[in-house]
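Read the structure below first, then the notes.
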Amino acid sequence: MTDLSMNSQRPITSEACGEAVAAARAAATASGVEVREIHEIAELAAVGVLFEKIWRSAPGTRPVTTELLRALSAAGNYVAGAFSGGDLLGACVGFFENPGKGSLHSHIAGVAQAGAGRGIGYALKMHQRGWALTQDVSTIKWTFDPLVRRNAYFNLGKLGALPVQYLRDFYGPMKDGINGSGDTDRLMASWDLAGTAVRAAAFGEPVRTDTKTLLDRGAAVALSVDADGGPAAGSADAPVVVVAVPADIEGLRGTDPGKAAAWRAALRETLGGLMSSGGRVTGFDRAGYYVISKEEQ
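Encoded structure:
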């Protein structure tokens with residue numbers, strides 16, 4: 577929500593829009609849901625309740641209110657839900673960035689536990705992509721916690737987005753059952769909706785990253801997981817660097833908050849430091865490693 581530098585806008589063809597809409601429909605069908613925009617008060621209220629349950633929010637701290645969702649929807653922004661048999665199983669909310677409709681910021685998205693493992697999150701993002709392209713928007717941005725391994729793989733591997741900025745304690749304290757009580761560092765992801773990698777990902781070809789091969793070719797390990805599950809600093813003295821994240825940071829926040837905080841500090845220093853000095857994140861290995869290139873483009 578902070579990187580306001582705009583990607584260069586490429587012409588969006590009717591063919592690209594049609595292809596994206598078709599991919600969205602295929603993803604929804606595969607997940608067994610109908611994904612559509614939401615405008616009515618009752619369904620907007622259901623979105624707020626859904627997010628409250630997913631984030632396990634403290635009383636009075638719902639992530640989004642019905643009133644805000646109503647205003648966003650009425651102003652032409654993106655509010656959509658995934659429905660199955662009349663039940664709301666997932667939702668996604670976004671709003672336009674400056675300059676007007678230059679890009680869309682995807683603020684929040686989530687899937688109910690009842691819909692887990694069905695690809696509903698992917699179907700929601702495919703719908704959002706198709707919707708944005710039909711609005712003549714070629715870029716969607718959003719933030720995510722860089723310590724959450726499954727989200728990193730989903731965003732970089734499944735969707736083909738790329739981080740463009742490391743944001744320190746972006747939201748400040750968040751009172752919910754997911755983020756814990758620590759700092760809310762985030763990566764800003766940028767999704768080039770008509771890009772080659774994204775188009776391939778939309779048709780089931782994720783971006784593949786092979787850390788083992790990179791290590792065999794001389795990549796450095798700047799951060800790894802030690803024997804006790806904590807962070808272990810290494811060397812970043814190579815053109816290509818890999819940076820590890822723990823397998824389950826959310827579980828670790830509950831069982832060992834100190835170790836979770838150590839991971840936040842280590843990733844901020846390592847990944848944040850590499851990015852601030854010009855390193856580009858080029859992918860994420862499902863095994864739990866970011867890949868950073870320090871070579872000039």
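To convert, count from 1 in the sequence shown and add 576; that's the numbering used here.
Glycine residues also receive a C-beta, built at the ideal position from the N, C-alpha and C atoms.
Which residues share a DSSP beta bridge with Phe877?
Nothing can be reported for residue 877: it is not among the residues displayed for the chain, which extend from 577 to 873.
Figure out for me which residue from Pro815, Ala812, Ser811, Ala836 has the closest Cα to the Cα of Ala823.
Distance check between Ala823 and each of Pro815, Ala812, Ser811, Ala836 places Ala836 closest, using alpha-carbon atoms only.
Residues near Gly864 by beta carbon distance below 6 Å, same chain, minus five either side:
Only Arg725, Ala820, Val821 meet the Cβ criterion.
Cβ shell of Lys870 (< 6 Å), same chain only, five flanking positions each side left out
Pro815, Gly855
Below 8 Å on the Cβ atoms is my contact criterion, and I expect Ser766 with Val713 to pass it. Report the Cβ-Cβ distance as a whole number of Å.
No, Ser766 and Val713 are not in contact; Cβ-Cβ is about 13 Å, not under 8 Å.
How many Å lie between Lys629 and Ala688 at the Cα?
Rounded to the nearest angstrom, the two C-alpha atoms are 8 Å apart.
Strand pairing of Ala808, partner residues [DSSP]:
Ser800
I'd like the list of long-range same chain contacts for Val669, defined as Cβ closer than 6 Å, with 5 residues on each side in sequence excluded.
Cβ-Cβ distances below 6 Å link Val669 to Val655, His683, Ile684 in the same chain, with the five nearest sequence neighbours on each side left out; the list follows chain order.
For the putative contact between Gly859 and Leu732, defined by C-beta atoms under 8 Å, what is the C-beta separation to the nearest angstrom?
6 Å
Do you know offhand how far Gly780's Cα is from His703's?
15 Å
Could you give the first and the last residue of the continuous alpha helix (DSSP H) run that contains Tyr698?
696-710
Assuming contact is defined by CB atoms lying nearer than 9 Å, are Ala667 and Ile614 in contact in what I supplied?
yes
Excluding five sequence neighbours on each side, which residues of the same chain lie with their C-beta closer than 7 Å to the C-beta of Ala737?
Asn731, Ala765, Ser766, Trp767
Using the C-alpha atoms, what's the distance from Trp839 back to Asp802?
11 Å
From Met750 to Glu643, what distance separates their C-alpha atoms?
Within the model, the alpha-carbon separation for Met750 versus Glu643 is close to 21 Å.
Quick one: what's Ile716 bridged to in DSSP?
Leu680, Trp767
Which one of Ala728, Gly810, Ala778 has the shortest CA to CA distance from Ala842?
Gly810
So is Asp804 buried or exposed if we call it buried at 16+ other beta carbons inside 10 Å?
exposed
Spatial neighbours of Pro782 within its chain, please: CB distance less than 6 Å, with the 5 preceding and 5 following residues excluded, ordered by chain position.
Gly733, Lys734
Would you kindly work out how many angstroms separate the C-alpha atoms of Arg601 and Asp792, rounded to a whole number?
41 Å
Measure the C-alpha to C-alpha separation of Tyr742 and Arg844 and round it to an integer number of angstroms.
8 Å
Can you check DSSP and say which residues form a bridge with Val640?
Beta-bridge pairing links Val640 to no other residue.
State the CB to CB distance for the pair Gly624 and Val640, rounded to an integer number of angstroms; the pair is presumed to be in contact (CB under 8 Å).
6 Å
Boundaries (first-last residue) of the beta strand (DSSP E) holding Pro722
Neither: Pro722 is in no beta strand (DSSP E) and is coded neither H nor E.
Host alpha helix (DSSP H) of Ala592 (start-end):
590-607
Starting from the N-terminal side, write out each stretch of the alpha helix (DSSP H) that is 4 residues or longer and does not extend beyond the stretch 724-760.
725-729
Give the secondary structure of Asp663 by DSSP, where H, G and I count as helix, E and B as strand, and everything else as coil.
strand
So the candidates are Glu610, Arg744, Asp861, Tyr866; which of them puts its Cα closest to the Cα of Tyr698?
Glu610
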